[in-house]
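Working notes, structure below.
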Amino acid sequence: MPEPRRVVVGISGASGAVYGVRLLQALRELGGIETHLVVSGAGWQNLRHELDLPRPAVEALADVVHEVANVGARIASGSFLTEGMVVAPCSMRTLAAIAHGLGDNLLTRAADVTLKERRRLVLLARESPLHLGHLRNMVAATEMGAIVSPPVPAFYKRPRTVEDIVDHSVARALDALGIANELTTRWPGLPEDS
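Numbering (my numbering), first residue to last: 73 to 266.
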């Protein structure tokens, strides 16, 4: 029997918990993809603070939920096949751990495994402004194969709601994983007479 398509979703403690939740919702709506969720302690705090979401409501969005302290979980092994992993949002602490190969919890270990297996790792890095250490960590993660994709609004699309802005960033993350989606419209190009 063939392995199912799987995506690992990490939610760390940066502001922007909505990105991880919307990513889980979008993957469920697409169908045919098994989601594995791992959330840091600070990630759970932000889910409560920013979205008023209790833990069971978030866990219900994923097919499998892993405890962040369980570094022996399936997603910590390269033999566990996945399409890749998205960390949404990705705190600067999580970025630093990934950039320096510190698999000190399941979220960062799963990210490290994703990189070592040459699978796609998409990091929705959230912080502003950035200091030199943040930028160097982004470079280091990129040099190892990660895709650093800060959730930056695309105003050329003329978003009308916060949901429009969030959907754009989630669609870009799915694109980076190679997962077709229709969360947002594609740029049609400017008319010839503009």
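All C-beta atoms in this analysis are idealised placements derived from N, C-alpha and C, irrespective of residue type, glycine included.
Proximal residues to residue i (C-beta, below 6 Å), its chain only, five neighbours per side dropped
| i | result |
| --- | --- |
| E189 | G150 |
Simplified DSSP state of residue i, which is helix, strand or coil
| i | result |
| --- | --- |
| G85 | coil |
| A132 | coil |
| I251 | coil |
| H108 | strand |
| H206 | helix |
Buried versus exposed call for residue i [16 or more other C-beta atoms within 10 Å across all chains shown]
| i | result |
| --- | --- |
| A129 | exposed |
| A52 | Since the displayed the chain opens at 73 and closes at 266, residue 52 lies outside it and no answer follows. |
| H138 | buried |
| R258 | exposed |
| L255 | buried |
| H121 | exposed |
Through-space distance from residue j to residue i, alpha-carbon basis
| i | j | result |
| --- | --- | --- |
| L207 | R77 | 32 Å |
| N142 | L178 | 6 Å |
| E155 | T186 | 9 Å |
| S112 | I170 | 14 Å |
| G261 | Y228 | 11 Å |
| G205 | V220 | 15 Å |
Proximity below 8 Å, CB of residue i to CB of residue j
| i | j | result |
| --- | --- | --- |
| A86 | S200 | no |
Beta-carbon contacts of residue i that lie in its chain and below 7 Å, excluding the five residues immediately before and after
| i | result |
| --- | --- |
| N253 | A98, L102, A243, L246 |
8 Å Cβ shell around residue i - same chain, five flanking residues per side excluded
| i | result |
| --- | --- |
| L123 | A89, V90, V93 |
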